[in-house]
Amino acid sequence: MTITVIGHGYVGLVSACVFADFGNKVWVIGHTPEKLERLRAGDPIIYEPGLAELLQKNIKAERLIFTDSYDPAIKESEIVFITVGTPPKPDGSADLSAVFTVAKQISHNLGPHFTVVSCKSTVPVGTNREVEKILIQNKRAEASIAVASCPEFLREGSAIHDTVEPDRVVIGSDNKDAVAKMLELHKPLPGKRVVTNLASAELIKYASNSILATKISFANLISFFCEKTGADVEEVLEAVGMDKRIGRTFMYAGVGYGGSCFPKDVQALTDTGKKLGVDVTLLQSVEDINHQARANVLSHVLKTVKGKHIAILGLSFKPDTDDIRFAPSVYLIEELLKKGYTITAYDQAARENIKRIFGDKITLTENAYEAVEGADALLVLTEWNEFKQIDLAKVKSLLKSPVIFDGRNIYEPSKMREMGFQYYGIGRS
Ligand code: UGA
1377 MTITVIGHGY
1387 VGLVSACVFA
1397 DFGNKVWVIG
1407 HTPEKLERLR
1417 AGDPIIYEPG
1427 LAELLQKNIK
1437 AERLIFTDSY
1447 DPAIKESEIV
1457 FITVGTPPKP
1467 DGSADLSAVF
1477 TVAKQISHNL
1487 GPHFTVVSCK
1497 STVPVGTNRE
1507 VEKILIQNKR
1517 AEASIAVASC
1527 PEFLREGSAI
1537 HDTVEPDRVV
1547 IGSDNKDAVA
1557 KMLELHKPLP
1567 GKRVVTNLAS
1577 AELIKYASNS
1587 ILATKISFAN
1597 LISFFCEKTG
1607 ADVEEVLEAV
1617 GMDKRIGRTF
1627 MYAGVGYGGS
1637 CFPKDVQALT
1647 DTGKKLGVDV
1657 TLLQSVEDIN
1667 HQARANVLSH
1677 VLKTVKGKHI
1687 AILGLSFKPD
1697 TDDIRFAPSV
1707 YLIEELLKKG
1717 YTITAYDQAA
1727 RENIKRIFGD
1737 KITLTENAYE
1747 AVEGADALLV
1757 LTEWNEFKQI
1767 DLAKVKSLLK
1777 SPVIFDGRNI
1787 YEPSKMREMG
1797 FQYYGIGRS
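Just so we're aligned: 1575 in the numbering used here is position 199 of the sequence shown, and the numbers increase by one with no gaps anywhere.
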């Protein structure tokens, strides 16, 4: 099959590489010449384990073609995926301008045959209908189209695995031919098939991310109870998660969720709920608790640390990515800088992105030990593997005061105290 993917962020590029790897010819449309040049040279631009290899292999096999032109990509394609960004607007609603602009461009370039246009970007309920209207209004008479929603569930850091081994493939469309085409393209993938209508497919994506965010905020809420009572959040949630109806996944307390998905999607569902007259108190609480999770760490630091030099290990919103969008680290650095703290920080993957925001306002080091040297306390904000078994005796000897705030609960409190640290985990007894 020949397909087009418009956009080359996480969802677009990973999907394009995986479909190309199955033997399809995949056009990828972008609009920034220098990014397209890097992609053509086999540089995925984004940090994602295994992606460079998959990209290079499929470019070499001439199955993956990067272009800034809709012609001939669209007219050659049987399926066109829209994977452009839908960032949050100041009021929390999703900015759909890129989706609609792209839809118009597609409509002008459709071939004289049947084309399925499928939104893989996360879009509020009703957006695919809007896309359909744009396509019908602007297309030439000989072109026929159908829209299908095909939400993506990949995680940064394990994007290829999640795409190749999905739990489910969701296809939302009221057009049988579109469903058949989409099923055919996804045939090599394992996992269950869910064929449903457009609105359900769109809502499945928001509901999935929102329940995961809810589990995390629930874990953080329980950690607040633990801090007030002497209970231990890890023991509590481990036991709670042993109930098969509940499970432990995505129920880890910490400095809160970040990234380009949960914060934006919880806000967008809240916004949609308000517009539809649905009570969204639960979703607002999920977001409030997420904010409290990072604000609590800040207030502990402000209350406890004697000096004004803080070391931070881990800046990305989670391990195995360089992404710092809505990362707890950004909030904490901003607040600490406002209060006059000096910050030394280390994160091999995220350093360039953090530098773009904070420039020389903080010092980024080449390794973890350099970051902690002379600091009055250490904050661990991302559970990168390299911090889990770091030489803690060395860390203690380098710190000016042996104070650790473990924002991801990667260390054992009793061991840390035995070693002479003043240790603060999240909801640890
Ligand atoms: C998330 C979803 O997991 C994907 O299924 C979805 O496709 C994606 O959003 C998206 O909509 O594009 P992602 O944001 O890459 O993926 O990362 P997650 O692994 O879900 O982690 C999100 C945040 O939650 C991170 O900051 C992580 O540290 C935090 N988290 C996760 C916790 O604080 N506790 C947990 O128990 C789990």
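Each residue gets a CB set at the ideal place from its N, CA and C atoms; glycine is no exception. These figures come from a predicted structure and were not determined experimentally.
| Asked | Found |
| --- | --- |
| Can you list, in chain order, the stretches of the alpha helix (DSSP H) that have 4 or more residues and sit fully within the region 1464 to 1542? | 1473 to 1485, 1503 to 1514, 1535 to 1540 |
| Check whether the region 1572 to 1585 and the region 1494 to 1510 are in contact - that is, three or more C-beta pairs closer than 8 Å. | yes |
| Whole angstroms is fine: what's the gap from lysine 1651's alpha carbon to alanine 1583's? | 17 Å |
| Alpha carbon to alpha carbon, how far is serine 1549 from valine 1507? | 13 Å |
| Report buried or exposed for leucine 1588, applying the criterion of at least 16 other Cβ atoms within 10 angstroms of its Cβ. | buried |
| Does the region 1475 to 1495 come into contact with the region 1419 to 1439, if we say contact requires no fewer than three beta-carbon pairs (one atom in each stretch) closer than 8 Å? | no |
| How big is the Cα-Cα spacing for isoleucine 1592 and valine 1612? | 14 Å |
| With distances taken Cα to Cα, identify the nearest neighbour of leucine 1774 among Val1390, His1537, Arg1439, Ala1687. | Ala1687 |
| My guess is that threonine 1380 and alanine 1449 are in contact by the Cβ rule of under 8 Å, so how many angstroms apart are they, rounded? | 5 Å |
| Quick one: residues in its chain with C-beta nearer than 6 Å to the C-beta of valine 1662, no 5 flanking neighbours on either side, listed in chain order? | Ala1589, Thr1590, Ser1593, Val1642 |
| Within 10 angstroms of its Cβ, does threonine 1648 collect 16 or more other Cβ (buried), or is it exposed? | buried |
| Any heavy atom of the ligand UGA within a distance shorter than 7 Å of the CB on glutamate 1613? | Checking the sequence shown, residue 1613 turns out to be leucine, not glutamate. Not under cutoff, so the answer is no. |
| I'd like to check one pair, isoleucine 1482 with valine 1492: are the Cβ atoms closer than 8 Å? | no |
| Would you identify the three-state DSSP class for isoleucine 1422, choosing helix, strand or coil? | coil |
| With respect to the alpha helix (DSSP H) encompassing arginine 1569, which residues constitute its N-terminal and C-terminal limits? | First-last for arginine 1569: 1568 to 1572, but that is the beta strand (DSSP E), not the alpha helix (DSSP H). |
| Which same chain residues, not among the five before or five after serine 1453, have their C-beta less than 6 Å away from its C-beta? | Thr1378, Ile1379, Thr1380 |
| Helix, strand or coil, according to DSSP, for aspartate 1782 in the structure here? | strand |
| Just tell me which of Cys1602, Asp1698, Ala1671, Ser1599 has its CA closest to the CA of glycine 1635. | Asp1698 |
| Judging by CA-CA distance, which residue of Ile1700, Glu1728, Ile1536, Ser1692 is the nearest neighbour of tyrosine 1386? | Ile1536 |
| Going by the beta-carbon positions, is the gap between alanine 1595 and glycine 1468 smaller than 8 Å? | no |
| Under 8 Å between C-beta atoms, does alanine 1556 make it to chain D? | Looking at the structure shown, chain D is missing, and only one protein chain is on hand. |
| To which residues does DSSP link alanine 1442 through a beta bridge? | Before going on, a small fix: residue 1442 reads as phenylalanine here, not alanine. Per DSSP, Val1404. |
| What is the rounded straight-line gap between the Cα of glycine 1383 and the Cα of glycine 1796? | 51 Å |
| Per DSSP, which residues does phenylalanine 1457 bridge with? Please list them. | Val1381, Ser1494 |
| Excluding sequence positions up to five away, which residues of its chain have a Cβ less than 6 Å from the Cβ of glutamate 1424? | Ala1535 |
| Just to confirm before moving on: does the CB-CB distance between asparagine 1785 and alanine 1554 stay below 8 Å? | no |
| If you follow the alpha helix (DSSP H) that valine 1555 is in, where does it begin and where does it stop? | 1552 to 1561 |
| To the nearest angstrom, how far is it from the Cα of aspartate 1736 to the Cα of aspartate 1723? | 16 Å |
| Cβ of alanine 1671 within 8 Å of Cβ of leucine 1691? | no |
| Taking the alpha carbon of arginine 1544 as the point to measure from, which residue in Leu1559, Arg1569, Lys1563 has its own alpha carbon closest? | Arg1569 |
| Going by DSSP, what residue range makes up the beta strand (DSSP E) through isoleucine 1544? | Strictly speaking, residue 1544 in this sequence is arginine, with isoleucine absent from that position. First-last of the beta strand (DSSP E) with arginine 1544: 1544 to 1548. |
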